[in-house]
Amino acid sequence: MTSTDQPVDELLAEAVGRVVGAPPGGLEYAVDGAASLLAASADRWPLVSRALLGFAERSVGRCWAAGWRPADLVRVARRELGPVQVALAVDLIAAESRRHPAASLDRRWRDQLRELDAEPWWPSDEAYLQAFAERHRLDRFALATAALELLRVWALLPPVQPVGPAPGQSAPRVSAPRSGSRGCWGGSGRCWRRPSRRASRRRRRR
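If you want this note's numbering, it's the position in the sequence shown, counting the first as 1, plus 6.
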């Protein structure tokens, strides 16, 4: 089965799996190959767009269950990646937030979404990637690369001590956070081992 015959949902899951499971020395090669698969067909790009938002909603939901909050995920993208991935992070959080009525969210959660301006702005899920690419002047390969890099970083985040209820959850008991550890945001309890960075900046391909 070629990539153009494979169902897009399966293709996306396979691409993300390659990138998440790649060793540091083979990461760039894995990202290049996976992004090439996703960006290969202009005709299937709207299907990739819809599949990406669905996949990202589940990925973001797993981060919520692991104790992370909206501002945390954007902060991670800013620290580990770049401005394109930060913009993607906000949009993917906005996409996931559609699953929850605003009234069901903790006030602090709503405040973070508002401060991030995490609101769906795209005309449809099928049109999202094209609209994002036009906003940020990216080709399909560059945008697929950025999305895979972001999903990888999020997938490698470990569970952390929650500091408030996630959507659909009651408020957890919060123990005193540890501070002063390397990789932590002081006093926040947010600690993790950073994923390895790629050695070089990636060029756009057309």
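All C-beta atoms, glycine included, are put in the ideal place defined by N, C-alpha and C.
Asked: Using the beta-carbon count (16 or more within 10 Å), is E102 buried or exposed?; Found: buried
Asked: May I ask you to verify whether the segment 18–35 touches the segment 154–168, counting CB pairs closer than 8 Å and requiring at least 3?; Found: yes
Asked: Exposed or buried, which one is D117 when buried takes at least 16 other CB atoms within 10 Å?; Found: exposed
Asked: Relative to the C-alpha of L18, which candidate in A45, A137, P129 and F138 has its C-alpha closest?; Found: A45
Asked: At 4 residues or longer, what runs of the alpha helix (DSSP H) sit wholly inside the segment 49–86?; Found: 51–71 and 76–86
Asked: Less than 7 Å between the beta carbons of A41 and A150, yes or no?; Found: yes
Asked: Would you report the Cα separation of R223 and L79, rounded to the nearest angstrom?; Found: Only positions 7 to 212 of the chain appear in this structure, which leaves residue 223 out of reach.
Asked: Classify A22 as helix, strand or coil using the three-state DSSP reduction.; Found: Checking the sequence shown, residue 22 turns out to be Val, not Ala. If DSSP states are grouped into helix, strand and coil, V22 belongs with the helices.
Asked: Give me, in chain order, the residues of the same chain whose beta-carbon lies closer than 7 Å to that of V14; leave out the 5 immediate sequence neighbours on both sides.; Found: R50, L53, V54 and A57
Asked: Quick check on W70: buried or exposed, where buried means 16 or more other Cβ atoms within 10 Å of its Cβ?; Found: buried
Asked: Of all the options L135, Y35 and G67, which has the alpha carbon lying nearest to the alpha carbon of H106?; Found: G67
Asked: Excluding the five sequence neighbours on either side, which residues of its own chain have a C-beta within less than 8 Å of the C-beta of P165, listed in chain order?; Found: A72 and G73
Asked: Where Q167 and P76 are concerned, what is the direct C-alpha to C-alpha distance, given to the nearest angstrom?; Found: 15 Å
Asked: Where L59 and Q91 are concerned, what is the direct C-alpha to C-alpha distance, given to the nearest angstrom?; Found: 14 Å
Asked: Quick check: what's the CA-CA separation for E140 versus R113?; Found: 34 Å
Asked: Per DSSP, what kind of secondary structure is W128 in: helix, strand or coil?; Found: coil
Asked: Given D131, which residues of its chain have a CB within under 7 Å of its CB, disregarding the five upstream and five downstream residues?; Found: S55, R56 and L59
Asked: Considering only the alpha carbon of each residue, which of I99, R84 and E86 lies closest to S5?; Found: In the structure displayed, the chain extends from 7 to 212; residue 5 sits before or after that span and is not available.
Asked: Which value, in whole angstroms, describes the spacing of the CA atoms of Q12 and V169?; Found: 41 Å
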